[in-house]
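**Q** Pasting a structure below so you can have a look.
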Amino acid sequence: MQWYESLPIQQRIATTSPYYVFADAQRDQQLQPCFVGYQEDGHIWLHGFHLSSVAEFDIVDCQAPYGYGCLNSNCSEEGFIQRAWSAYRALASTNGWLAEFTRLHPMDRMPQLFQSAQIADRQTIAINTSKDIDIPSNYSTRCRTAVRKAIKNGVSSRLGTADEIRRIFPAFYREGMQQIGADTFYLFNDAYFEAFANWGKAELVICEKDEQWLSAGLFLSDGEIMEYHLSATSPAGRTMGATNLLLDSAAHIAQQENLKWLYLGGGTNNDKENPLYFFKKGFSEQEFTFKIGFVAFDVERYARLKQRFTQAGKLTNRFLFYRN
C-alpha cells in the first residue's frame, strides 16, 4: 500500500489498489491475494492478483479481481518495465503457476505494464465530472428525462454510511440481483461488504423516498476517478427512474469531490446494442476501450492441456478454458 500510495495521483485508480485485491478476495475462500513487487533505484513495479487452483488438473493460475487487474509503476522507462516483467515471469514459473488472465482498466495510463497479449474486448463509458462541466448537458434526452422523472416522483439521494454498507446494502443488493435473475456469483457474502465498509475509498449512494430505499450503489474513488462498482434497484425504483438519479447523483458527488471522471464500465458483452451499454451511453459519449490480457507461464504444459481438451471435444475458446 505504501508503494501504491506513493504513485502520482493521476495513476491511482481504486480497483488497481492493493486493498481492492484484498477486499475482493473475501467473496471466495479459494482466492489467495498475491502481490509481486520489483524495485530498482527508487523505481517500483507492483502487481496484485488472485491465486487460485483447479484441483482436477493440479493447476494454479493468476486472475484479476472482479472488475480489473492491478499493475502499477512510477516508471515508464521501457527497459525497466521489461526487466520487471521478465523477473515476474521467472518468479511465476518457479512457483509453478500455469497462466494469468487479467482485465486491464480502460482508464489506466500505463497499460504497457502488462507485457504480453492484450485483446480489445468492448467499449466502456465514463462521465466527465471536471469542475467546469455542466454534467447533465452531456446526457441524452431520454436520460435527462428519466432523472427529472425521479425527482418529480419525490425520489431524493444521499450518501450512505459505512454502517449502511455493512448492515443494509448487502441484503438490498442481493435481493435486487435475485429479482433480475443474476448468476449466484454476484450474490457476494457479508465478509465482502465488510471489507468495503472498512475502506475509506468506498462510498454508498442511496436514492430513496419516504426513507424507503429505491436504488443504491457502491462507488470506489481514488486519484482522479470515481468508479461504479455495484448497484441494485427495487421494482418500484425502476418505475420511478431511480437508477438514472443514482448515477446522476454519483456524478455530481464526484464533481464536488474534485474528481475528474465517473467511470461506469460497459455492457455485459461487446454488442453495441447491449441494453446495459445502451443505458450507460445515455450519460456520456466518452468511450474507453476495455482490453483483456493473457500470458502462459508454462507454455508447453498449457499447449498440452489445450490439445487434451480439443481431442476430447471440449471448448477451448477461452484463455482459462480448463475452468468451468
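Numbering (this note's numbering), first residue to last: 11 to 334.
For each residue, glycine too, the CB sits at the ideal point set by N, CA and C.
1. Skipping 5 residues on each side, what residues in its chain have a beta carbon closer than 7 Å to that of V64?
2. Counting beta carbon pairs with one atom in the segment 167–187 and one in the segment 246–265, are three or more of them shorter than 8 Å?
3. Going by beta carbon distance, what residues of the same chain come within less than 8 Å of F319, once the five residues before and after it are set aside?
4. F59 and A74 - do their beta-carbons sit closer together than 8 Å?
5. Run through DSSP, which three-state label would I54 get?
6. Could you check whether Y14 and S27 sit closer than 8 Å to each other, using their CB atoms as the reference points?
7. Residue range of the beta strand (DSSP E) that R339 falls in?
8. Quick one: grab the DSSP three-state call for I190.
9. Tell me where the alpha helix (DSSP H) around D34 begins and ends.
10. Whole-angstrom Cβ separation of A260 and G227, contact assumed at under 8 Å?
11. When you compare the CB positions of M236 and L272, do they come within less than 8 Å of one another, or not?
12. Could you tell me which residues DSSP pairs with Y48 in its beta bridges?
13. Could you give the distance in angstroms between the alpha-carbon of E283 and the alpha-carbon of P146?
14. Within 8 Å, do at least three Cβ pairs link the segment 132–147 to the segment 213–225?
15. At what residues does the beta strand (DSSP E) containing F229 begin and finish?
16. Does Q321 come out as helix, strand or coil in the three-state DSSP assignment?
17. Is Y273 helix, strand or coil by DSSP?
18. Pull up the DSSP beta-bridge partners for V64, would you.
19. For K162, is the classification buried or exposed, using 16 other Cβ atoms within 10 angstroms of its Cβ as the cut-off for buried?
**A** Reading from the atomic positions:
1. The residues are Y332 and R333.
2. Three or more beta-carbon pairs separated by less than 8 Å link the segment 246–265 to the segment 167–187, which places the two stretches in contact.
3. Cβ neighbours of F319 beyond the five flanking positions: L325, T326, F331 and Y332.
4. Inclusion of A74 and F59 in the CB contact set at 8 Å is warranted, their separation being smaller than that value.
5. Under the three-state reduction of DSSP, I54 is assigned to strand.
6. A Cβ-Cβ contact shorter than 8 Å links S27 with Y14.
7. The displayed coordinates of the chain run from 11 to 334. Any statement about residue 339 would go beyond what the structure contains.
8. Coil, per DSSP.
9. Looking at the DSSP string, the run of the alpha helix (DSSP H) that includes D34 is P28 to D34.
10. With 8 Å as the limit, A260 and G227 qualify as a contact, their Cβ atoms being about 7 Å apart.
11. Yes; because the gap between Cβ atoms is below 8 Å, this pair is in contact.
12. Bridge partners of Y48: W55.
13. P146 has its alpha-carbon roughly 23 Å from the corresponding atom of E283.
14. Judged by pairs of C-beta atoms under 8 Å, the segment 213–225 does not touch the segment 132–147, as fewer than three such pairs exist.
15. Run containing F229: Q222 to D232, per the beta strand (DSSP E) assignment.
16. Looking at Q321 - three-state DSSP - the assignment turns out to be helix.
17. For Y273, the secondary structure class from DSSP, reduced to helix, strand or coil, is strand.
18. DSSP, once it has assigned bridges, lists I69 as partnering V64.
19. Classification for K162: exposed.
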